[in-house]
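Enquirer:
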Amino acid sequence: MANVQVSPPGALAQQPYVAVNWLNTNNILVSATDFTSGPPLVAVYLSNDSGNTWSPTILPLPSGFLGGESNVVAYGFSSIFLVASHVFNAVSGTIVVYRSTDNGMTFSAPIIVAPGYGTFTNNVQVIVEIDNAQASSFQGNSYLIYVHGFNTDVIGGSTVFFQRSLDGGVTWQQSVLVSPEASIVTRSDIGIGLSGIVYVAYITLSPTTEFKVSRSLDGGETFLPAVSVSSVTLVPDVLPVTGYGFLVLTSANIATDTSSFPTSGNVYVTWQDNRLGYAAIFLSTSLDDGVTWSAPLLISNSGPGFQNFFPAIAVSPKTGLITVIYYSNQADGFDLNTYVAESSNGGNTFTVSQLSTAPSNPNAGSATPVTTIGYYIDIASSPPANFIGVWTDTRTGAQAIFSGT
Numbered sequence: 012m013a014n015v016q017v018s019p020p021g022a023l024a025q026q027p028y029v030a031v032n033w034l035n036t037n038n039i040l041v042s043a044t045d046f047t048s049g050p051p052l053v054a055v056y057l058s059n060d061s062g063n064t065w066s067p068t069i070l071p072l073p074s075g076f077l078g079g080e081s082n083v084v085a086y087g088f089s090s091i092f093l094v095a096s097h098v099f100n101a102v103s104g105t106i107v108v109y110r111s112t113d114n115g116m117t118f119s120a121p122i123i124v125a126p127g128y129g130t131f132t133n134n135v136q137v138i139v140e141i142d143n144a145q146a147s148s149f150q151g152n153s154y155l156i157y158v159h160g161f162n163t164d165v166i167g168g169s170t171v172f173f174q175r176s177l178d179g180g181v182t183w184q185q186s187v188l189v190s191p192e193a194s195i196v197t198r199s200d201i202g203i204g205l206s207g208i209v210y211v212a213y214i215t216l217s218p219t220t221e222f223k224v225s226r227s228l229d230g231g232e233t234f235l236p237a238v239s240v241s242s243v244t245l246v247p248d249v250l251p252v253t254g255y256g257f258l259v260l261t262s263a264n265i266a267t268d269t270s271s272f273p274t275s276g277n278v279y280v281t282w283q284d285n286r287l288g289y290a291a292i293f294l295s296t297s298l299d300d301g302v303t304w305s306a307p308l309l310i311s312n313s314g315p316g317f318q319n320f321f322p323a324i325a326v327s328p329k330t331g332l333i334t335v336i337y338y339s340n341q342a343d344g345f346d347l348n349t350y351v352a353e354s355s356n357g358g359n360t361f362t363v364s365q366l367s368t369a370p371s372n373p374n375a376g377s378a379t380p381v382t383t384i385g386y387y388i389d390i391a392s393s394p395p396a397n398f399i400g401v402w403t404d405t406r407t408g409a410q411a412i413f414s415g416t
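So the sequence shown is numbered by our numbering: it starts at 12 and just counts up by one.
Here it is, written out as structure tokens:
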């Protein structure tokens, strides 16, 4: 499998996200957090040759903000890319969106969608998605979810907020509360079904640790009560490997099958789980539009004693091919490689392959264990049956963004 460095030589970057233009798969946009100059900044990398070469851009912060991270990207018909970011000042986090209507060549100034207000409200961990579903009457809707923290100077709490745009991301409607305010939640995810059902997946940390999915049948105007997919055994914040110091957050990931194959309509969720005594990747499937879910299926293949984490999932809208990317230290117990698990039979069985062509020492460039390698990696379908994965890689001696196909 071919690997390409996405971020420029000498740049420091982590937490990549990727979107592919379904109408022209040569056109790909990656977002990431660039910290070359110190504070985290909103970086995007554009390719118009299927990921062989990349052009970097740093998007401007709104006035008065110090940095931007958790930078994610979505593609929408026919030439739209939306980049969403958690930008912050000295006291709170705000969600902004940048719009491109020319396939990622240029971007608007940042549009403030969800402002933070001191320690009263703090908005972080954003995801953006655009409805491209082939049989959706809501096609073109843009959706945004984020973790809405409140009272962050005391015990505090967090919930999942949802907002939608009906004009390609120019304006955004009032936020909708998706998860109960009594819960504490982790980074969530959005899936869009063939007919436009909106799925919001999240993991609660309190009062119970569960993977949950809430659905909207009206294009994100209202949401049904959440369904529990599975209990979750959280992996340790720092994995139990001598020399590791980076934080590992457990997040929800969801994708849908909008193909015309027999698996059309399937909904898949994946997450990392410590139920076996080590971090492993699990997948659950719904065959009835998210009402009921299968028992969790182990899809990582490292065996006991190794650590597998940061899964992300994509499903081909043409063939239904499922691809799940994740990190694992299964090669030698320390260095990280990126793997991809693929299923062409609706998630019944998976084949795992190594995607990275060189290992990464997570502490590269540091005399002591690093505290972060980012909190996620990503994968996107490249129709009809290809994919592109992106991750933080240290083969160059420092954190950089690499891609694999």
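Ideal placement from N, C-alpha and C gives every residue a C-beta, glycine not left out.
Under the rule that 16 or more other beta-carbon atoms within 10 Å means buried, what is S186, buried or exposed?
Expert: Looking at its Cβ environment, which holds 16 or more other Cβ atoms inside 10 Å, S186 is buried.
Enquirer: Under a Cβ-count criterion, where at least 16 other Cβ atoms within 10 Å of its own Cβ denotes burial, should Y128 be classed as buried or exposed?
Expert: Exposed, since its Cβ has fewer than 16 Cβ neighbours within 10 Å.
Enquirer: Short of 7 Å in beta carbon distance, which residues of its chain neighbour L298, apart from the five on each side in sequence? Order them along the chain.
Expert: Correct list, in chain order: N277.
Enquirer: In the DSSP output, what is N348 paired with across the bridge?
Expert: According to DSSP, N348 bridges with S339.
Enquirer: Which whole-angstrom value is the C-beta distance of G204 and T281, which I expect to be below 8 Å?
Expert: With a Cβ gap of about 17 Å, G204 and T281 do not count as contacting.
Enquirer: I'd like to confirm the pairing. Which residues does DSSP put opposite Y279 in its beta bridges?
Expert: A266, T296, per the DSSP bridge assignment.
Enquirer: Check each candidate in Y86, L245, G75, P19 and name the one with the smallest Cα separation from T36.
Expert: The shortest C-alpha separation from T36 is found at Y86.
Enquirer: Enumerate in chain order the residues of its own chain whose CB-to-CB distance from G115 is below 8 Å, with the five nearest sequence positions on each side excluded.
Expert: Cβ neighbours of G115 beyond the five flanking positions: N38, L40, V55, L57, F92.
Enquirer: Using the Cα positions of D178 and N152, report the straight-line distance between them to the nearest angstrom.
Expert: For D178 and N152, the distance between alpha carbons rounds to 7 Å.
Enquirer: So, are the CB atoms of P328 and T269 less than 7 Å apart?
Expert: Contact flag set, yes.
Enquirer: Are the CB atoms of A290 and V246 nearer to each other than 7 Å?
Expert: Cβ atoms of A290 and V246: closer than 7 Å.
Enquirer: V124 to G168, Cα distance in whole Å?
Expert: About 21 Å.
Enquirer: For L332, I'd like the list of residues in its chain whose CB is within less than 6 Å of its CB, leaving aside the five on either flank, ordered along the chain.
Expert: Same-chain partners within the cutoff: S355, A396.
Enquirer: Output the distance between the C-alpha atoms of P322 and F293, rounded to the nearest integer angstrom.
Expert: Computed Cα separation, rounded: 9 Å.
Enquirer: Return the chain-ordered ranges of every beta strand (DSSP E) run that is complete within the stretch 115-154 and spans a minimum of 3 residues.
Expert: As far as the stretch 115-154 is concerned, its whole beta strand (DSSP E) runs of at least 3 residues are 122-125, 132-141.
Enquirer: Could you tell me which of V189, F149, L34 sits nearest to D229, measuring between CA atoms?
Expert: The option with the nearest alpha carbon to D229 is F149.
Enquirer: Going by the DSSP bridge assignment, what does F99 pair with across the sheet?
Expert: According to DSSP, which records beta bridges pairwise, F99 is partnered with G78, G104.
Enquirer: I need the straight-line Cα distance from N100 to I122, nearest angstrom please.
Expert: Taking the straight line from one Cα to the other gives about 16 Å.
Enquirer: V15 to N162, Cα distance in whole Å?
Expert: In a straight line, the C-alpha of V15 is about 43 Å away from that of N162.
Enquirer: Inspect the beta-carbon positions of A375 and T405 and report whether they are closer than 7 Å.
Expert: For A375 and T405, yes; Cβs fall inside 7 Å.
Enquirer: Buried or exposed for S364, going by 16 or more other Cβ atoms inside 10 Å?
Expert: By the neighbour-count rule (16 or more Cβ atoms within 10 Å), S364 is not buried but exposed.
Enquirer: Nearest CA to the CA of G180: which residue from I106, N59, V158, A237?
Expert: Among I106, N59, V158, A237, the Cα nearest to that of G180 is on I106.
Enquirer: For D284, list the residues DSSP reports as bridge partners.
Expert: The partner list for D284 (beta bridge, DSSP) reads A291.
Enquirer: How about T274 and G357: are their beta carbons less than 7 Å apart?
Expert: A contact, by the Cβ cut-off of 7 Å.
Enquirer: Relative to the C-alpha of G231, which residue among L188, T330, P373, Q341 is closest?
Expert: Checked all of L188, T330, P373, Q341; the closest Cα to G231 is L188.
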